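> Here it is: the structure, laid out below.
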Amino acid sequence: MNEQWNAHVGNWEVGMESRQQQLDRVWKEQLEQHKDATWNEMNGHMRATLAAREEELFQKAERQREREAIEREAARIQADYETNMAAFNARFSTQRLDPRRAEAEGACFPEGPPPIRAEFQSRAAREERQLDGMIRDREGRFPVVAMAEPGPSAGTPAPGPSAGTPAPGTDGIQGNLIDLDDPRLFNMVKALIEGKSRTDGVTKATSPKKKKRIQKPGVAAEYEQAKKTQQALLTAQEDKDWKEITLVYWRGAYGLNRAKDWVNYNGANDQTKLSCAAGLVQAELSSKFYFGCGWATCQWNKQILYHIVNDICRRRNLDPNSYAVPDVKQGYLMALLYGHLKDARSEWSRHQPRGGETVEEARERARVYDEQRRGRVVGNSRKQQKFEKRVNIVQKMVGISAAKCNAVGVECWSWLLHEFLASLSVAGMSSEESEIEDVEVRGVMQTEVVHIIKSHPWRAQKVTEHLLLIDRTGPAVTKGTSGRKRIRTDDPTESYPSPGLPRAMYDTAWLSAQRAMIPNIEDELDVDERQFTMKEVIEQTN
Numbered sequence: 001m002n003e004q005w006n007a008h009v010g011n012w013e014v015g016m017e018s019r020q021q022q023l024d025r026v027w028k029e030q031l032e033q034h035k036d037a038t039w040n041e042m043n044g045h046m047r048a049t050l051a052a053r054e055e056e057l058f059q060k061a062e063r064q065r066e067r068e069a070i071e072r073e074a075a076r077i078q079a080d081y082e083t084n085m086a087a088f089n090a091r092f093s094t095q096r097l098d099p100r101r102a103e104a105e106g107a108c109f110p111e112g113p114p115p116i117r118a119e120f121q122s123r124a125a126r127e128e129r130q131l132d133g134m135i136r137d138r139e140g141r142f143p144v145v146a147m148a149e150p151g152p153s154a155g156t157p158a159p160g161p162s163a164g165t166p167a168p169g170t171d172g173i174q175g176n177l178i179d180l181d182d183p184r185l186f187n188m189v190k191a192l193i194e195g196k197s198r199t200d201g202v203t204k205a206t207s208p209k210k211k212k213r214i215q216k217p218g219v220a221a222e223y224e225q226a227k228k229t230q231q232a233l234l235t236a237q238e239d240k241d242w243k244e245i246t247l248v249y250w251r252g253a254y255g256l257n258r259a260k261d262w263v264n265y266n267g268a269n270d271q272t273k274l275s276c277a278a279g280l281v282q283a284e285l286s287s288k289f290y291f292g293c294g295w296a297t298c299q300w301n302k303q304i305l306y307h308i309v310n311d312i313c314r315r316r317n318l319d320p321n322s323y324a325v326p327d328v329k330q331g332y333l334m335a336l337l338y339g340h341l342k343d344a345r346s347e348w349s350r351h352q353p354r355g356g357e358t359v360e361e362a363r364e365r366a367r368v369y370d371e372q373r374r375g376r377v378v379g380n381s382r383k384q385q386k387f388e389k390r391v392n393i394v395q396k397m398v399g400i401s402a403a404k405c406n407a408v409g410v411e412c413w414s415w416l417l418h419e420f421l422a423s424l425s426v427a428g429m430s431s432e433e434s435e436i437e438d439v440e441v442r443g444v445m446q447t448e449v450v451h452i453i454k455s456h457p458w459r460a461q462k463v464t465e466h467l468l469l470i471d472r473t474g475p476a477v478t479k480g481t482s483g484r485k486r487i488r489t490d491d492p493t494e495s496y497p498s499p500g501l502p503r504a505m506y507d508t509a510w511l512s513a514q515r516a517m518i519p520n521i522e523d524e525l526d527v528d529e530r531q532f533t534m535k536e537v538i539e540q541t542n
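Just so you know, we're using the UniProt record's numbering here: the sequence shown kicks off at 1 and counts up by one.
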């Protein structure tokens, strides 16, 4: 029985082994077939790719050859054109010099006419050509001016002996009075004192020098120095890219796109600040900033900024392709983030109640401040544009007068440029406000946005006259449209008078009226007492 079982088991094992061998053989055959099919497919794909690449290179070479042929043909045509033009110009010039054209050409150019090449024209040459064309096309539109020396006006005090200058022949002594401001008396008294001191053996008293206190730069100065040091090693584009990276991170981390959005920010309290200074707590990346007193120097805000810098560097290391910027120092990034924090805190502080104000009163005060700031920005930009336009007009009139050999005109316009406008500056330009009014355009009434020009009661009358002369001259020397219509009114401006101007530019009656209310009005205006003569420029008829 056992023998039969063993025989049966042996036969089964032999059958299984042969079956396994058969399966292995079939599997190897299928694997070889799959490898052959895959290789044939890859080989076909590679052949197709190589053929396409070869065709692309061939077409590229064909286009390059065609481009070179076109360039050679264009160069040949240009050379022929220059040669023909040179010959034509040579014949034209010699024809005017000598009627015997052939002999003149041979005498002037034995080896043939020289080629004519375009030469670079400098900016001065282009401006000179434009000036010549302007003089030729607009001859009758330029004003003819002359200058008249006015007598001593009320705004300019007549020259005379000042309080600190002694009358001739008095030598600083008027009766029994001595003028201590006279430098001759000062030197005389000084020599007498020094001689008496040497006679009595008195030496000059000296006091021990106090050691100067070295002031430590503030936080803002340290950040600014770190930023400037790093910016010196970066290009303008690299600095711009880093600023963009920090700004995008700042907006994304806090969900606030503008500084105004920080008005209702609820930051950390004073206890958190004191605990951090004592080392009891540490700030984290998600911690809130402290906006109270001492926010710029507190350790709590510095720790948050350090965490932000580390997070930006970590993101840059994980994705260097998205942050294609060079390495920078930590202080540079701290300075950029400190700037964002400063803007946010300033806007938040502006809306906080002060001195017993309510929340509504504080918001109203901030709203009024924002409106005034927007008005100042717009007003200053318009004044700057107006000043630059007037300077450009006067500069062109100086050149036109010089080209026409008009010495009087050169003197007048040069004085308006270097003395009048330079002293008046941007602050002395008129204020403007945009309003919507009905104006007449080519006989048709239309509703347009116009600039209302307000009057300056503090300006002398001649200042306004000179500015009007410059504005009337503008259309003759400028190109393009005149822009929005400007309407002058008698409404006085609410802006404060421009300080630091010469006395002759202020209206005398206005100064007298202000002096009755403000005795030291000259000191507040910082009136320039230097010698400045308000000359009179007269526009003559052609």
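Ideal Cβ placement from N, Cα and C applies to all residues, glycine included. Treat the numbers as computed from the prediction; the structure is a model and nothing was measured.
Should the region 465-479 be called in touch with the region 496-515, which here means at least 3 C-beta pairs below 8 Å?
No: the two stretches stay apart, fewer than three of their Cβ pairs being nearer than 8 Å.
> How long is the line joining the alpha carbons of PRO143 and ILE538, rounded to whole angstroms?
About 10 Å.
> Identify whether MET429 lies in helix, strand or coil by the three-state DSSP scheme.
If DSSP states are grouped into helix, strand and coil, MET429 belongs with coil.
> Excluding the 5 residues flanking GLN230 on each side, which residues of the same chain have their C-beta closer than 6 Å to its C-beta?
Closer than 6 Å at the Cβ level, and outside the excluded window around GLN230, lie VAL328, LYS329 and TYR332.
> Whole angstroms is fine: what's the gap from SER455's alpha carbon to PRO499's?
Near 17 Å, if we compare the C-alpha coordinates of PRO499 and SER455.
> Report back the beta-carbon spacing between ILE135 and LYS404 to the nearest angstrom; my notes put them in contact at under 8 Å.
Yes, ILE135 and LYS404 are in contact; Cβ-Cβ is about 7 Å, under 8 Å.
> Under 8 Å, do ASP343 and ALA259 count as touching if we go by C-beta distance?
Cβ atoms of ASP343 and ALA259: closer than 8 Å.
> Whole angstroms is fine: what's the gap from LYS383's alpha carbon to PRO457's?
Approximately 17 Å between the Cα atoms of the pair.
> Do the region 266-279 and the region 290-299 touch if we need at least three Cβ pairs shorter than 8 Å?
As far as the Cβ criterion goes, the region 266-279 touches the region 290-299, which means the pair count is three or higher.
> With a 10 Å radius around its C-beta and 16 neighbouring C-beta atoms as the bar for buried, classify PRO502 as buried or exposed.
Label assigned to PRO502: buried.
> Alpha carbon to alpha carbon, how far is ILE308 from LEU285?
In a straight line, the C-alpha of ILE308 is about 6 Å away from that of LEU285.
> Ends of the beta strand (DSSP E) at GLU536?
Segment 536-540, the beta strand (DSSP E) holding GLU536.
> Rank ASN264, ARG486 and HIS451 by C-alpha distance to the C-alpha of TRP348 and give the top, closest one.
Cα-wise, what sits closest to TRP348 is ASN264.
> What ranges does the alpha helix (DSSP H) occupy inside the region 260-318, keeping only unbroken runs of at least 4 residues that lie completely in it?
For the region 260-318, whole alpha helix (DSSP H) runs of length 4 or above, ordered along the chain, are 270-277 and 299-318.
> Tell me the DSSP secondary structure of ALA236 in three-state form.
Here ALA236 sits in helix by DSSP.
> Please classify THR489: does DSSP put it in a helix, a strand, or coil?
Note: THR489 maps to strand in three-state DSSP.
> In terms of residue numbering, what span does the alpha helix (DSSP H) encompassing ALA504 cover?
Looking at the DSSP string, ALA504 is not in any alpha helix (DSSP H), and its letter there is neither H nor E.
> Give the DSSP-derived three-state secondary structure of HIS456 in the structure shown.
Note: HIS456 maps to coil in three-state DSSP.
> Taking only the alpha-carbon atoms, compute the straight-line gap between SER381 and TYR249 and give it to the nearest angstrom.
Taking the straight line from one Cα to the other gives about 32 Å.
> Quick check on the DSSP output: the beta strand (DSSP E) that includes VAL145 runs from which residue to which?
Counting along the chain, the beta strand (DSSP E) containing VAL145 begins and ends at 144-148.
> Below 8 Å on the Cβ atoms is my contact criterion, and I expect LEU416 with ILE470 to pass it. Report the Cβ-Cβ distance as a whole number of Å.
Yes, they are in contact, since the Cβ atoms of LEU416 and ILE470 sit about 7 Å apart, within 8 Å.
> Helix, strand or coil for HIS418, going by three-state DSSP, please let me know.
Looking at HIS418 - three-state DSSP - the assignment turns out to be helix.
> Would you identify the three-state DSSP class for HIS340, choosing helix, strand or coil?
DSSP places HIS340 in helix when its eight states are reduced to three.
> In chain order, what residues of the same chain lie with their CB nearer than 8 Å to the CB of ALA220, ignoring the 5 residues before and after it?
Within the same chain, ALA220 has close Cβ partners ALA296, TYR338 and LYS342.
> Could you tell me which residues DSSP pairs with ASP528 in its beta bridges?
Its beta-bridge partners are PRO502.
> In this structure, does DSSP put VAL325 in helix, strand or coil?
Coil.
> If we ignore side chains and look at the alpha-carbon of each, how far apart do GLY273 and TRP262 end up?
Gly is not the amino acid found at residue 273; the sequence shown has Lys there. So the two alpha carbons sit approximately 20 Å from each other.
> Between ARG459 and the rest of its own chain, which residues show a CB-CB distance below 8 Å, the 5 nearest in sequence each way excluded?
Around ARG459: GLY428, MET505, TYR506 and ASP507.
> Thinking just about the alpha-carbon of each residue, which of HIS351, ARG315 and ASP311 is nearest to the one in VAL368?
VAL368 has its Cα closest to that of HIS351, out of HIS351, ARG315 and ASP311.
> Could you please give the first and the last residue of the uninterrupted alpha helix (DSSP H) stretch that includes LEU469?
That run of the alpha helix (DSSP H) goes 461-477.
> In whole angstroms, give me the CA-to-CA distance for ILE312 and ALA366.
Going from the Cα of ILE312 to the Cα of ALA366 covers about 34 Å.
> Could you give the distance in angstroms between the alpha-carbon of THR83 and the alpha-carbon of GLU66?
So the two alpha carbons sit approximately 26 Å from each other.
> Run through DSSP, which three-state label would THR533 get?
Note: THR533 maps to coil in three-state DSSP.
> Indicate whether LEU234 and GLY399 have their beta-carbon atoms separated by less than 8 Å.
No, the Cβ-Cβ distance between LEU234 and GLY399 is not below 8 Å.
> Locate the alpha helix (DSSP H) running through GLN352, then write down its first and last residues.
Run containing GLN352: none; DSSP gives neither H nor E here.
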